[in-house]
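The numbering of the sequence shown is full-length UniProt numbering, which starts it at 1 and goes up by one.
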Amino acid sequence: MDKTSLIGLILGIIAVGVGMVFKGVSPSALVNPAAILIIILGTVAAVTIAFPTNEIKRVPKLFGIIFKEQKFMNPPDLIKMFSDWAQLARKEGLLALEAKTNEIEDDFLKNGLSLAVDGQSADYIRDVLSEEIEAMEERHQAGALIFTQAGTYAPTLGVLGAVVGLIAALGYMNDTEGLGHAISAAFIATLLGIFTGYVLWHPFANKLKRKSKQEAKIKYMMIEGILSILEGEAPRVIEQKLASYLPAAERKKILAESGEKKDE
């Protein structure tokens, strides 16, 4: 479970709900079937029209990505692994890494290391793996765009819902109390549209983009590690190269630990 997605969602609901109470509005006012229908079903309809079927089918999976913690390889562990592989390759040759391919669970890394062991050139390996990353990022971008567009449509549909509500309110011109309730109900659609757009859909899109960047970073580290081993670089050099992908504090820690082990 991705705790930040769940915590953010809960805090957003609490913020609006408690804020309404503080303003003297009953949370029961949100139970407005007409507004919910216009905003939720309207947003689904707009998104369905805007995207092809094969991308719409991926929406349930996208929700899974948002709310599940993705298991990426830990960068420090990845750096250590490439350092060990480099040391093994320098001692016993590149073919010694062939046995390691059976131990790798990550398909991207397994494919890249297999290409290196099979004797493919560095340029070929970089091209193949980079194209795979670009294709992955394009798929992720398409998924994030679905939620971005939903976040654009929802507030506008909220305005549409308010207009429909105000049209209905005109029927209460001779009933002051009924007119007040009708106008209040009309703006529930606007509230729901803004809430879903800026507390749900746009943040969901941003979460997908950030997770995509994290995954791409790990894969680029893998490419650099594989090519560095292929070129016969020293373990220490590989550690320095891969550590450049990390924040300064983590980079210093890894290089310091590597230096201590080397001194021992």
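Every residue, glycine too, gets a C-beta built ideally from N, C-alpha and C.
* To do: Tell me whether I10 is buried or exposed, calling it buried when 16 or more other Cβ atoms sit within 10 Å of its Cβ.
  => It is exposed - the Cβ of I10 has fewer than 16 other Cβ atoms within 10 Å.
Quiz item: If you check the beta carbons only, do I79 and L242 fall under 8 Å apart?
Solution: Yes, Cβ-Cβ distance for I79 and L242 is below 8 Å.
Exercise for review: Could you name the residues of the same chain whose beta carbon sits closer than 7 Å to that of I104, not counting the 5 residues immediately before and after it, in chain order?
Suggested key: K110, L113
- Run of the alpha helix (DSSP H) containing L37, from where it starts to where it stops: No alpha helix (DSSP H) holds L37; DSSP gives it neither H nor E.
To which residues of the same chain is E224 closer than 7 Å at the C-beta, ignoring the five residues directly before and after it? Setting aside the 5 residues that flank it on each side, E224 is surrounded in the same chain by K241, L242, each with a C-beta closer than 7 Å to its C-beta; the list follows chain order.
| request: Could you name the residues of the same chain whose beta carbon sits closer than 7 Å to that of A162, not counting the 5 residues immediately before and after it, in chain order? | output: A186, F187, A189, T190
- Query: Does DSSP put S26 in a helix, in a strand, or in coil?
  - Reply: coil
Contact check, A89 vs A96, beta carbons under 8 Å | Going by C-beta atoms, A89 is nearer than 8 Å to A96.
- For the alpha helix (DSSP H) that contains S212, what are its first and last residues? 202-230
Q) Using DSSP with H/G/I as helix, E/B as strand and the rest coil, what is Q70? A) coil
*Ends of the alpha helix (DSSP H) at R58?*
The continuous stretches of alpha helix (DSSP H) do not include R58, and DSSP gives it neither H nor E.
Rounded straight-line distance, which links the Cα of I218 to that of E131: 15 Å
Point to revise | Classification of V159 by the beta-carbon crowding that lies within 10 angstroms, buried from 16 upward | key: exposed
Practice problem: Please state if the CB of L166 and the CB of M173 are separated by a distance shorter than 8 Å. | Solution: no
Checklist line | Cβ-Cβ separation, G193 to L157 (assumed contact under 8 Å), whole Å | finding: Yes, they are in contact, since the Cβ atoms of L157 and G193 sit about 5 Å apart, within 8 Å.
query = Which of helix, strand or coil does DSSP assign to V21?
reply = In the structure shown, V21 sits in a helix (DSSP, three-state: H, G or I).
*Could you give the distance in angstroms between the alpha-carbon of G19 and the alpha-carbon of D107?*
48 Å
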